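Under my numbering, the residue at position 108 of the sequence shown is numbered 101, and the numbers go up by one with no gaps.
For every residue, glycine included, the Cβ atom is placed at its ideal position computed from N, Cα and C.
Being a predicted model, the structure only gives us computed values, none of them experimental.
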Amino acid sequence: MLINQTIANEISKVSEIAAYLWQREWAERNAGNISVNLTGLQNVSSKDKENKKYIECLMPEEASDMLLFITGTGERLRELVNLPEKVACIISIDHQAKGYHIVWGGIDNPGILPTSEFISHLLIHLFNTSQNNTHRCVLHTHPIELIALSHHPELGHNEAKLNKALWSMLPEIRVFIPKGICIAPYELPGSLALAKHTTEGLNNHSIVLWSKHGALATGKDALEAFDFIDVANKAAKIYLKCLQAGFIPEGMSEEQMKGLEIFL
Ligand code: 13P
Ligand code: ZN
C-alpha cells in the first residue's frame, strides 16, 4: 500500500521519537513499542490487501476495520529512525475483527509481527476511540529512573506518595503531568492482565508505570506521548539524584504546589 502524506508525517514523528528513546538509553535491544491509530486517515482497498500476509487473531468486535501503525515484536526500536518500513508495519483489521492484513512495512523482514504488547495497544486505542479522545499514539518504553523508582520499597507501592514526591520536584511536573502516574502491579509482559491494568489506569492518569518493567503513555501523536514520559522521568531522576547525594529531597511545599493550580 502506498501511504498518504498524513500517515507519512505520523511515521516521521515516530522516527524522531525513536532517536530520543535510544539517546536516553530507554530502548535497549527490542525494548519498547509504539503504535498509532490511523483509522480514517486513509482508505484501504481490497487491492491493497491482495497477496498481503493475513494473521488470524480474535479481537473485540469494536476493532472492526481499524488501521494501525505498530512496531514489530523483537525489532530494534533504534531502527525506526532510518528504517520504519522494516521494523514496523501497518495492519488493517478485517470487518469481523477475526484477523488483520499487514498492508505496509516489514520490508526485507518477512517474519514481521506486531509487538507482543499488541493487546495493550489495541485495548487502549479502542478505549480512546470510545471516549472520542484525540490521542492516536500509544508509547511504551523502559525509562531508567521511573523503573528504578518502581523498585522503591515505599514509593513503588504507594501511588499517592509517588505522585506527591514527583510533582514536588519542580513546577513543570505538576503542570504537565496533571493527572499523575498510575502504578500497575507487575504482570507478565504482553499479558491481558497488564493490558487491563493499563487501560484502567489511563482512565484518570497521564502515565501508567508498569512496575519493575517500564512506562506507557498516550498522546495525540508520538511527540506528545513521549513528552509525558520524558517530563515524569525528569522528576524521578531529580528525586534519585537527591537520594544519591545522601539526602531525602525536601520538595516544594503544599502552598507552592497550590499556587500552581492556576495553570491546571
Ligand atoms: P516487543 O519486542 O514484543 O515489542 O517487546 C518489547 C517490550 O518492551 C515488551 O514489554
Ligand atoms: Zn517493555
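Boundaries of the beta strand (DSSP E) in which residue i is found, first to last residue
| i | result |
| --- | --- |
| GLU78 | First-last for GLU78: 77 to 80, but that is the alpha helix (DSSP H), not the beta strand (DSSP E). |
| ALA177 | 174 to 177 |
Cross-strand partners of residue i (DSSP beta bridge)
| i | result |
| --- | --- |
| VAL131 | SER28, THR211 |
| ILE200 | ILE174, ALA210 |
For residue i, the first and last residue of its enclosing alpha helix (DSSP H)
| i | result |
| --- | --- |
| ALA12 | -2 to 16 |
| GLY252 | 247 to 252 |
| GLY239 | Run containing GLY239: none; DSSP gives neither H nor E here. |
| GLU193 | 185 to 195 |
Neighbour flag for residue i against chain C, beta carbons, 8 Å
| i | result |
| --- | --- |
| GLU138 | Although the question refers to chain C, the structure presented lacks it and comprises just one protein chain. |
Handout entry: At least 3 beta-carbon pairs within less than 8 Å: the stretch 161 to 176 vs the stretch 87 to 96
Key = Taking a cut-off of 8 Å for Cβ pairs, the stretch 161 to 176 and the stretch 87 to 96 do not touch, as fewer than three such pairs fall below it.
Exercise for the section: Could you name each continuous beta strand (DSSP E) segment of 3 residues or more that falls completely within the stretch 37 to 112, going from the start of the chain to the end? Expected result: DSSP runs (the beta strand (DSSP E)) wholly in the stretch 37 to 112: 47 to 49, 60 to 64, 81 to 86, 92 to 98.
Problem - Beta carbon shell of the ligand 13P at less than 7 Å from a heavy atom - result: Those residues that have a beta carbon less than 7 Å away from any non-hydrogen atom of the ligand 13P are, in order along the chain, ASN23, ALA24, GLY25, ASN26, THR64, THR66, GLY67, GLU68, THR108, SER109, GLU110, HIS133, HIS135, PRO182, GLY183, HIS206, GLY207.
Handout entry: Segment contact flag, the stretch 208 to 221 with the stretch 145 to 156, C-beta cutoff 8 Å, min 3 pairs
Key = The stretch 208 to 221 vs the stretch 145 to 156: no contact.
Exercise for the section: Specify whether the stretch 115 to 122 and the stretch 68 to 83 touch according to this definition: at least 3 beta carbon pairs, one from each stretch, less than 8 Å apart. Expected result: Contact between the stretch 115 to 122 and the stretch 68 to 83 is absent: fewer than 3 CB-CB pairs across the two stretches fall below 8 Å.
Problem - Validate contact between the stretch 219 to 227 and the stretch 135 to 142 using beta carbons, cut 8 Å, 3 pairs - result: Taking 8 Å as the limit for Cβ pairs, the verdict is that the stretch 135 to 142 does touch the stretch 219 to 227.
Problem - Secondary structure, beta strand (DSSP E): runs of 3+ residues fully inside the stretch 117 to 167 - result: Complete beta strand (DSSP E) runs here, min 3: 130 to 134.
Practice task
Mind the definition here: the stretch -5 to 10 touches the stretch 170 to 189 only if three or more C-beta pairs lie below 8 Å; say whether that holds.
Solution key: The stretch -5 to 10 is not in contact with the stretch 170 to 189.
Exercise for the section: Answer yes if the stretch 15 to 29 comes into contact with the stretch 105 to 115, meaning at least three C-beta pairs across the two stretches below 8 Å, and no otherwise. Expected result: With a cut-off of 8 Å on Cβ pairs, the stretch 105 to 115 is in contact with the stretch 15 to 29, counting three or more such pairs.
Practice task
Taking 8 Å as the threshold, find out whether the stretch 153 to 167 comes into contact with the stretch 232 to 248 through three or more Cβ pairs.
Solution key: Counting C-beta pairs with one atom in each stretch, the stretch 153 to 167 and the stretch 232 to 248 have three or more that are closer than 8 Å, which means they touch.
Problem - the stretch 33 to 51 contacting the stretch 63 to 73, beta-carbon criterion three pairs below 8 Å - result: Contact between the stretch 33 to 51 and the stretch 63 to 73 is absent, because fewer than three Cβ pairs lie under 8 Å.
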